[in-house]
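Engineer: Let me begin by handing over the structure; questions about it come next.
Residue numbers (this note's numbering): 45 to 182.
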C-alpha cells in the first residue's frame, strides 16, 4: 500500500488530530478500509437503535481512512467534499462497522462506497453510503 500506511499509523494520526472521533481503523488495504465504532448508551436511540448521525460519522471516518491509505499520505486537509447515505434497516448492536471500498482515485479526489453493519453480521447491511474526499494541492 502506498507510503506504508497501517492501521496503527492511521489510528495514531487520528488520535493526534481528532481524539474525540470515536472510531478507529481496524483493517486497511490498497482499495479498502474497515472502521469500527464502540457504542455507548448515550449514542443509542430509544429501542437500542444506533442513530443515523452516528452511522454517517462512521461512514465518513471509513472513507477518510481509505483516502489516507489510497494516497499514502497522512494529511489533515484530506477533506470530505460530498457524502450521502441510505438507511436500509434499524441498526442494533454493540459495535458498528463500516467498510469503505475505492471506486476511483484521481490527482484531486478519492471516491468510495461504504457498507455499514452491526456486530458480526457483515452480510446484513444497515446502511450504505457513497462519498468523495478532496485531496490537498501538492
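Just so you know, even glycine gets a beta-carbon here, dropped at the ideal spot from N, CA and C.
Since the model is a prediction, treat every value here as computed from it, not as a measurement.
What do you get for residue 163, buried or exposed, if any count of 16 or more other CB atoms within 10 angstroms of its CB means buried?
Structural biologist: Position 119 of the chain shown, counted from the start, is the residue given in the question as residue 163. Per the 10 Å Cβ criterion, exposed.
Engineer: Considering only C-alpha positions, which residue in the set 64, 94, 56, 66 is nearest to residue 138?
Structural biologist: For the purposes of this step, residue 138 is taken as the residue at position 94 of the chain shown. Among 64, 94, 56, 66, the Cα nearest to that of residue 138 is on 94.
Engineer: Among the residues of its own chain, which have a CB less than 8 angstroms from the CB of residue 50, if the five just before and after it don't count?
Structural biologist: By one-based count along the chain shown, residue 50 stands at place 6. The residues are 72.
Engineer: Hey, would you say the C-beta of residue 119 is under 8 angstroms away from at least one heavy atom of the ligand COA?
Structural biologist: With respect to the ligand COA, the structure shown offers nothing to examine, as it has no ligands at all.
Engineer: Look at residue 67 and residue 105 and say whether their C-beta atoms are less than 9 angstroms apart.
Structural biologist: Along the chain shown, one-based indexing puts residue 67 at 23. Along the chain shown, one-based indexing puts residue 105 at 61. Cβ atoms of residue 67 and residue 105: closer than 9 angstroms.
Engineer: Check whether the Cβ atoms of residue 78 and residue 143 lie closer than 9 angstroms to each other.
Structural biologist: The residue labelled residue 78 in the question sits at position 34 within the chain shown. The residue labelled residue 143 in the question sits at position 99 within the chain shown. Yes; because the gap between Cβ atoms is below 9 angstroms, this pair is in contact.
Engineer: Counting along the chain, where does the alpha helix (DSSP H) carrying residue 113 start and finish?
Structural biologist: Taking the chain shown and counting its residues from 1, the one referred to as residue 113 is at position 69. Looking at the DSSP string, the run of the alpha helix (DSSP H) that includes residue 113 is 96-115.
Engineer: By the three-class DSSP mapping on this structure, what secondary structure does residue 122 have?
Structural biologist: Within the chain shown, numbered from 1, the residue matching residue 122 stands at position 78. Coil, per DSSP.
Engineer: Which stretch, first to last residue, makes up the beta strand (DSSP E) that contains residue 73?
Structural biologist: Residue 73 sits at position 29 when you count from the first residue of the chain shown. Note, residue 73: premise wrong, no beta strand (DSSP E); not H, not E.
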